[in-house]
Structures are given as structure tokens and as C-alpha cells.
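Residues in the sequence shown are numbered consecutively from 9, following my numbering.
In this text, a Cβ means the ideal position worked out from N, Cα and C, and glycines have one as well.
Below is one structure, written out as C-alpha cells, with a few remarks after it.
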Amino acid sequence: MNPQTIIARRIARELFPGMLVNLGIGIPTLVANHVPSGMQVFFQSENGLIGTGSVPEDGMAHPMLTDAAGQPVMALPGASTFDSAMSFGLIRGGHLDLTVLGGLQVDQAGQLANWVIPNKMVPGMGGAMDLVSGAKRVIVAMQHTAKGSAKIVKKCTLPVTSTRPVDWVVTELAVISFRDGRATLLETAPGVPVAQVVAATEADLVIPDHVPEMVQ
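Below is the structure:
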């Protein structure tokens, strides 16, 4: 199983019927492909759509149905479209049960950096700042390292997205929480020893006596 699928499947286990959920760009979009059968979850895209489904198959994309990154999405029966003002009113008003975002770095206090790399051109900051500040729960979906360098660090060296810490980071190696401002190892991926997670993590990890494996 590839790293992206491991991450998306684990996060999908955090979904419950009737939730209003925002999925960010990249790995987070894959979560919609792993919603448990028969469960109705309302996915919101900040460009003004509630009721997005999984990524459409080849040839089934509609040019007027995209996520916030402009990538094609499906609209499920009963989907609703509206303007950006309404969309960000939902986000800033605290109506999102969960947002799943990508990340460049997360530090050991749960601070997220995911919106810019200094001196590199980016299309815009998007809605990440509003999402981290406004959603009831924030999960970061990202690979554990990038080009051999840790992405879960002692202190973010990139500009942080929000002063609010995230709740979880889910990687292909582990699930890490940030309750009480401390990075705590909750789960390891199947077949991944704790020592491997520690070696790939710059941040200081709190490690319980028993760390279960992720259920996929």
C-alpha cells in the first residue's frame, strides 16, 4: 500500500455520519475515496460546494465542478453550491466538524506551517489560515519526511499558518497528537516499529508504554 493510501484510509476512520468536513489539496482529497460504505459525510470545498464526492474516474470530470485547487470533483445528489462569502462564513463561524490539510512542517507544540515557502512563487494562501482557526478539529495529512528531512520538527522554520495548534498529524508511519502542547505518539503504521518513527522525527515525542498499530 502506498504512503498516500495509508494516510487517507486512517483519516477516513475518523469520519462519522452527518459530519461537515473540508479536505485540503493533495493527500487530503484522497480521504473521500475511503468513506465507509453507506456513511453520509458532507464534504465542503472552500470555493463554494458542499456535497463533493470521490475523485471522478477518467472521462467523468465536469469542468464546472472543481475543488479549491481547481481539480475535478464529483457532486453527490443533494449537493449545494454558493459563493465564497458564504463558504468562508461557514468556516469562520465554527461550523466545520473537521478539516484535513496538507503540511510542510508541524512542530512539537502542534504549530502548522503549510502555506508558503519563502522566496518561492505560490498561487496564494488559500483558506488554510481560516480552516485551522475555525474548524472544530484539525488533522494534518502528510508524509513523515521530505527528501530525507523530518517534517515533524522541534520548531517550525517556515511561516506558521495559525497560532492554534492542530489536533493530529497522520503520516505513513504514525499518528501523532498534540494534546496539552506535547507531541504524543498514538499509533504506528502496520509493521513500523516505534524506533523507526522516532528516528524519522526531529520533535521530542511522548511515547506511551503501549503504542498500538493503525487499523486500516
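Enclosing beta strand (DSSP E) for residue i [first to last residue]
i           : result
residue 40  : From DSSP, residue 40 is part of no beta strand (DSSP E); its letter is neither H nor E.
residue 86  : 83 to 89
residue 60  : 57 to 60
residue 149 : 146 to 149
Identified DSSP bridge partners for residue i
i           : result
residue 50  : 28
residue 115 : 161
residue 120 : 114
CA-to-CA distance, residue j to residue i, given in whole angstroms
i           : j           : result
residue 157 : residue 201 : 19 Å
residue 80  : residue 53  : 11 Å
residue 82  : residue 76  : 13 Å
residue 240 : residue 196 : Limits of the chain in this structure are 9 at one end and 224 at the other, which puts residue 240 out of reach.
residue 103 : residue 28  : 8 Å
residue 15  : residue 193 : 15 Å
residue 170 : residue 224 : 30 Å
residue 199 : residue 121 : 29 Å
residue 153 : residue 167 : 18 Å
Below-8 Å beta-carbon distance, residue i vs any chain B residue
i          : result
residue 25 : No chain B appears in the structure shown, which is made up of a single protein chain.
Own chain residues within Cβ distance below 6 Å of residue i, not counting five before or after
i           : result
residue 160 : 114, 209, 211
residue 73  : 81, 83
Range of the contiguous alpha helix (DSSP H) that encloses residue i
i           : result
residue 106 : Unbroken run through residue 106 is the beta strand (DSSP E), 106 to 109; no alpha helix (DSSP H).
residue 209 : Premise fails: residue 209 is in no alpha helix (DSSP H) and is neither H nor E.
residue 13  : 11 to 20
residue 141 : 136 to 142
Should the region 60 to 73 be regarded as contacting the region 141 to 149, the criterion being three or more beta carbon pairs within less than 8 Å? no
At a cut of 8 Å, does the region 16 to 32 reach the region 93 to 111 through at least three beta carbon pairs? yes
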